[in-house]
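*Asks:* Input: one structure, supplied below.
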Amino acid sequence: MPVASFAALLTVWTLALLIPGPDFLAVSHASVARSRRDAVFVGLGVAAAMAVWATTSLVGLTVLLVKCQPLFQAVRLAGAAYLAWLAFQLLRSAARRTAPGAAAGGTALKARGAAAAFRAGFLCNIGNPKAAVFFSSVFAALLPPHVDWEFRLAIGIAIPAIGAAWYAMVACLFSAKRIAAGYARARRVVDAITGTVFAALAGELVVVE
Numbered sequence: 040m041p042v043a044s045f046a047a048l049l050t051v052w053t054l055a056l057l058i059p060g061p062d063f064l065a066v067s068h069a070s071v072a073r074s075r076r077d078a079v080f081v082g083l084g085v086a087a088a089m090a091v092w093a094t095t096s097l098v099g100l101t102v103l104l105v106k107c108q109p110l111f112q113a114v115r116l117a118g119a120a121y122l123a124w125l126a127f128q129l130l131r132s133a134a135r136r137t138a139p140g141a142a143a144g145g146t147a148l149k150a151r152g153a154a155a156a157f158r159a160g161f162l163c164n165i166g167n168p169k170a171a172v173f174f175s176s177v178f179a180a181l182l183p184p185h186v187d188w189e190f191r192l193a194i195g196i197a198i199p200a201i202g203a204a205w206y207a208m209v210a211c212l213f214s215a216k217r218i219a220a221g222y223a224r225a226r227r228v229v230d231a232i233t234g235t236v237f238a239a240l241a242g243e244l245v246v247v248e
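If you're matching positions, the sequence shown starts at 40 in my numbering and goes up one per residue.
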C-alpha cells in the first residue's frame, strides 16, 4: 500500500471536513434544536453519503457524473431543492413565537426517529454535487495511477469513518448543556440565521454552474 499517498489523501480529507458547510450546519443545528442522539444519526447519514461518493470516485463513476451535464445538473437542482426545504422549515420555526417544549426549556423542534435523522444527513450530503467534484479531483491528484483493491478498500472505509467520528464530536459539542441552554434562549435568531445560510447555499447551487 502506498502509505504516503494514503496519508496525504486522508490529511486533505480531514482538513476539508473542518471547513463548515451544509453538513456541519445540519449536525450542529440538530444537536442544539433536537438532541445529541438525533445529531449523531444525522452525522451517520452524512458519513453514509460520503461512503457513496468515495466508492463511486474510486471506480471512476463521479468523473462520469461531472462530465455528464444533464445528470450533474439534475443532482445540483435536487440538492438545491432539499436545502431550500431545510431553509423553509427553519425560517418557519424562527417565525413562531413559541415552539413545542420551549416553555419548559426543551428543544424547539419535534423529536424524530433514527431513520428520519439518518435520511436527513444522507440527503444533505448526497444532494451536493460539489462533493462529486471534490472527490474526483482529489482522488485524481493524490491516488497513484494503479492501486490494489486493499488500498481502495482502506480509503473507502477510512473516509466515512473519519466523517462519522468528526460529526459525532460536533454532535457532542453542540449538545452540551450550556450551548443547548443558549439555543433555547436565542432559538428564533439561531433558526433564522441557519435558515438564511441554507437558503443562500441553495441559491448558490442554482446560480453557480
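From the three backbone atoms N, C-alpha and C, an ideal C-beta is built for every residue, glycine too.
1. From the DSSP output, in three-state form, read off Leu-130 for me.
2. Return helix, strand or coil for Arg-73, following the three-state DSSP convention.
3. By how many angstroms is the C-alpha of Pro-59 removed from the C-alpha of Arg-217?
4. Sorted by chain position, which residues of the same chain lie with C-beta nearer than 8 Å to Thr-94's C-beta, five sequence neighbours on each side aside?
5. Would a C-beta distance cut-off of 9 Å place Ala-200 and Arg-76 closer than the cut-off?
6. Should Thr-50 be labelled buried (16 or more other beta-carbon atoms within 10 Å of its own) or exposed?
7. Name the two residues that bound the continuous alpha helix (DSSP H) containing Asn-167.
8. Please state if the CB of Val-79 and the CB of Ala-219 are separated by a distance shorter than 9 Å.
*Replies:* Inspection of the coordinates gives the following:
1. DSSP places Leu-130 in helix when its eight states are reduced to three.
2. Coil.
3. So the alpha carbons of these two residues sit roughly 21 Å apart.
4. Counting only Cβ-Cβ distances below 8 Å, and skipping sequence neighbours, we find Gly-195.
5. No, Cβ-Cβ distance for Ala-200 and Arg-76 is not below 9 Å.
6. When all chains shown are included, Thr-50 counts as exposed.
7. No alpha helix (DSSP H) holds Asn-167; DSSP gives it neither H nor E.
8. No, these two residues do not count as a Cβ contact at 9 Å.
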